[in-house]
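Structure first, then comments.
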Amino acid sequence: MIEGLLKGKSVVITGSASGVGRAAAELFAAHGARLICADIALDLLEETIAAVKAAGGEARAVRCDVSQKSDVAAAVKAAVEAYGRIDVIYNNVGIPSPKTEQGTMAKLVENTDAQIEKLYAVNVNGVIYGCQLAVEQFRAQGGGGVIVNTASVAGLIGWGGVLYGSTKGAVVNLTRALAIEVAGEGIRVNSVCPAGMATRFITGDRGPLPDAAIERMGQAYPLGRVIDPLDTAKAALFLASDLSSNITGVNLPVDGGLSAGKPL
Ligand SMILES: NC(=O)c1ccc[n+]([C@@H]2O[C@H](COP(=O)([O-])OP(=O)(O)OC[C@H]3O[C@@H](n4cnc5c(N)ncnc54)[C@H](O)[C@@H]3O)[C@@H](O)[C@H]2O)c1
93 MIEGLLKGKS VVITGSASGV GRAAAELFAA HGARLICADI ALDLLEETIA AVKAAGGEAR
153 AVRCDVSQKS DVAAAVKAAV EAYGRIDVIY NNVGIPSPKT EQGTMAKLVE NTDAQIEKLY
213 AVNVNGVIYG CQLAVEQFRA QGGGGVIVNT ASVAGLIGWG GVLYGSTKGA VVNLTRALAI
273 EVAGEGIRVN SVCPAGMATR FITGDRGPLP DAAIERMGQA YPLGRVIDPL DTAKAALFLA
333 SDLSSNITGV NLPVDGGLSA GKPL
């Protein structure tokens, strides 16, 4: 077991009240990170903070709507005020494709202007703001620093809704292009690209899916099991830590082989 991969590092994780972000908060803290946990869902965020602290970790909550640049700036500032610097930002927030009134995923022509604006404001602008503000802070600290984004397998292949996939495709190529732009400053930029996970992203307020439904979801993947938020958090830990010190511009699928191809 490798330990202390983020020992003493100051890390901001957005979307850490639930799902992948909560799993990452608990895992990163167990590896010694000092956390700023940012989210709009304050009640759930307090549960994340309590879980991290109960395990002996360090975490503070910041209310942050990532579609508002000033909120993201406040999260970065909170890290600098609390821990003196920021070493890693994990831009993890994402919301799903809009649904129709019948509860099915809306087709592209069914998406309203307001839905398009909201999805881009959260899934794309939120990541752009996190990257901009982290790079500015990394520069003020003299260079170095790590950015991890949560994209999606929907950004790599045509899967998971057209509008959502287009936002994640933007995150995928932002990750590549920014990695090249800032490589000379010792800043690394990578993303994790998960496939379907049974989080609130899928269930909303309906509570956890029954085990049988989760098992059925898993049958869609070559490795035969559904992706767990912790699977994605582990990939993010790898990209956030020095284990990946010579890796940048990568969009790492966490998809049980889904994007690799189809059997003959
Ligand atoms: N669950 C899946 O099937 C799946 C598949 C591929 C990619 N992803 C991506 O994984 C990431 C994490 O999703 P998850 O499955 O953990 O979902 P989740 O809904 O469990 O967690 C998302 C978190 O983001 C927060 N959030 C939503 N809008 C916000 C905003 N404007 N500002 C700040 N916080 C906000 C929510 O409160 C929640 O805590 C997202 O980027 C998502 O697009 C999810």
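Here the sequence shown is numbered in this note's numbering, starting from 93 and rising by one per residue.
Ideal Cβ positions, reconstructed from N, Cα and C, are used throughout, including at glycine.
Nearest to V346 (by Cα), restricted to the options C223, D334, A327: For V346, the nearest C-alpha among the options comes from A327.
Given a cut-off of 8 angstroms on the beta-carbon distance, is the pair P190 and L98 in contact? Taking 8 angstroms as the Cβ cut-off, P190 and L98 do not qualify as a contacting pair.
Figure out for me which residue from G349, V103, A170, L211 has the closest Cα to the Cα of Y313. Y313 has its Cα closest to that of G349, out of G349, V103, A170, L211.
Let me see if you follow: with CB-CB separation under 8 angstroms, is G253 close to chain D or not? In summary, chain D is missing from the structure at hand, where a single protein chain is found.
Output yes or no for whether 8 angstroms exceeds the beta carbon distance between V180 and V264. Going by C-beta atoms, V180 is not nearer than 8 angstroms to V264.
Mapping DSSP to helix, strand and coil, what is E150? The answer is strand: DSSP assigns E150 an E or B state.
Taking all protein chains shown into account, decide if D323 is buried (16 or more other Cβ within 10 angstroms of its Cβ) or exposed. So D323 counts as buried.
With H, G and I counted as helix, E and B as strand and the rest as coil, what does DSSP make of N318? Note that residue 318 is Val in the sequence shown, not Asn. Note: V318 maps to coil in three-state DSSP.
Could you tell me which uninterrupted alpha helix (DSSP H) segments, each at least 4 residues in length, are contained entirely in the stretch 149–179, listed from first to last along the chain? Those alpha helix (DSSP H) runs which fall completely within the stretch 149–179 and span 4+ residues are 161–175.
Leaving out the 5 sequence neighbours to the left and right, which residues in its chain are closer than 7 angstroms to N203 when beta-carbon positions are compared? Cβ within range, chain order: P190, L255.
Tell me whether K199 is buried or exposed, calling it buried when 16 or more other Cβ atoms sit within 10 Å of its Cβ. Classified as exposed, K199 has fewer than 16 neighbouring CB atoms from the shown chains inside 10 Å of its CB.
Label A121 either buried or exposed according to how many other C-beta atoms from any shown protein chain fall within 10 Å of its C-beta, with 16 as the threshold for buried. Residue environment: A121 is assigned as buried (16 or more neighbouring CB atoms within 10 Å of its CB, all protein chains considered).
Check whether the stretch 167–185 touches the stretch 227–236, taking contact to mean three or more Cβ pairs, one atom from each stretch, closer than 8 angstroms. Contact between the stretch 167–185 and the stretch 227–236 is present, because at least three Cβ pairs lie under 8 angstroms.
Which term fits T106, buried or exposed, when burial requires 16 or more other beta carbons within 10 angstroms of its beta carbon? If you draw a 10 Å sphere on the C-beta of T106, you find 16 or more other C-beta atoms in it, and that means buried.
Nearest residue (CA-CA) to L329, options N241, C223, A290: Looking at the Cα atoms, N241 is the closest of the given residues.
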